[in-house]
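Structure first, commentary second.
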Amino acid sequence: MTPEGLLASAGINIGLAMAILSLFSILKKQPFTAVIYYARRLSHHQPIAYDPISFNRLFVPSFSWIPRALAVSEDEILRNSGLDALIIIRLFKLGIKFFLVCTLVGLLLLLPINFSIETSVPNSRSLNSFTISNIKAGSDRLWVHFTCL
Numbered sequence: 001m002t003p004e005g006l007l008a009s010a011g012i013n014i015g016l017a018m019a020i021l022s023l024f025s026i027l028k029k030q031p032f033t034a035v036i037y038y039a040r041r042l043s044h045h046q047p048i049a050y051d052p053i054s055f056n057r058l059f060v061p062s063f064s065w066i067p068r069a070l071a072v073s074e075d076e077i078l079r080n081s082g083l084d085a086l087i088i089i090r091l092f093k094l095g096i097k098f099f100l101v102c103t104l105v106g107l108l109l110l111l112p113i114n115f116s117i118e119t120s121v122p123n124s125r126s127l128n129s130f131t132i133s134n135i136k137a138g139s140d141r142l143w144v145h146f147t148c149l
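Mapping of the sequence shown onto the UniProt record's numbering: residues 1 to 149, in sequence order.
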């Protein structure tokens, strides 16, 4: 893979993520989506306040919900959304923590082991110099990969 290909892939993924976040932000403010986003409140007959119809409510995404979502406690999630939502949130948190540890191991331990000057082609624009394919068969460095599994 070339660095340009990696950047193109990252750009596409970031663009799609921003589009989906914007769509969520717009749809969350619409009254017809209340049954999706506020089902528990509606089942307890709690009122849901909406801004009056305006251009901002209909078409302008607002990301002000992100800091509030990061600061909410597990008790609030349990009280407002139920046990299923709390379990999903905890599963997501576990996945993020696990991926963070795997990323650190990969970047700090495996990447330097995979990169070797002897096998890399000078002036190569490929990211293959950072893969396990640079390690020769029977090398002691393969034990590090085995241990990290």
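Here a beta-carbon is modelled for each residue, glycine too, at the ideal position from N, C-alpha and C.
Fair warning: this is a prediction, and the values are worked out from it, not measured in the lab.
Spatial distance of residue i from residue j (CA atoms)
i    : j    : result
A17  : V60  : 16 Å
T103 : N114 : 15 Å
N134 : S22  : 42 Å
I20  : N13  : 11 Å
I132 : T33  : 48 Å
F63  : F24  : 10 Å
I88  : V72  : 14 Å
S9   : H45  : 45 Å
R68  : G15  : 23 Å
C148 : N80  : 40 Å
L7   : L107 : 18 Å
Cβ separation of residue i and residue j, assumed to be a contact under 8 Å, to the nearest whole Å
i   : j    : result
L42 : V35  : 7 Å
L91 : V144 : Not really, about 30 Å apart at Cβ, beyond 8 Å.
Nonlocal neighbours in the same chain, by C-beta distance under 6 Å from residue i, ignoring five residues either side
i   : result
Y38 : I48
Residue closest to residue i, alpha-carbon to alpha-carbon, out of the options
i   : options             : result
S40 : W143, R90, E76, N13 : Here the sequence assigns Arg to residue 40, which means Ser is not the residue at that position. Ranking W143, R90, E76, N13 by Cα distance to R40 puts E76 first.
G5  : L127, G15, L70      : L127
Beta-carbon proximity list for residue i, same chain, < 8 Å, skipping 5 on both sides
i    : result
F130 : L111, N114, F115
S139 : none
V105 : C148
M1   : S126, L127, N128
(request) Taking 8 Å as the threshold, find out whether the segment 71-85 comes into contact with the segment 97-116 through three or more Cβ pairs. (result) Contact fails: fewer than three Cβ-Cβ distances are below 8 Å.
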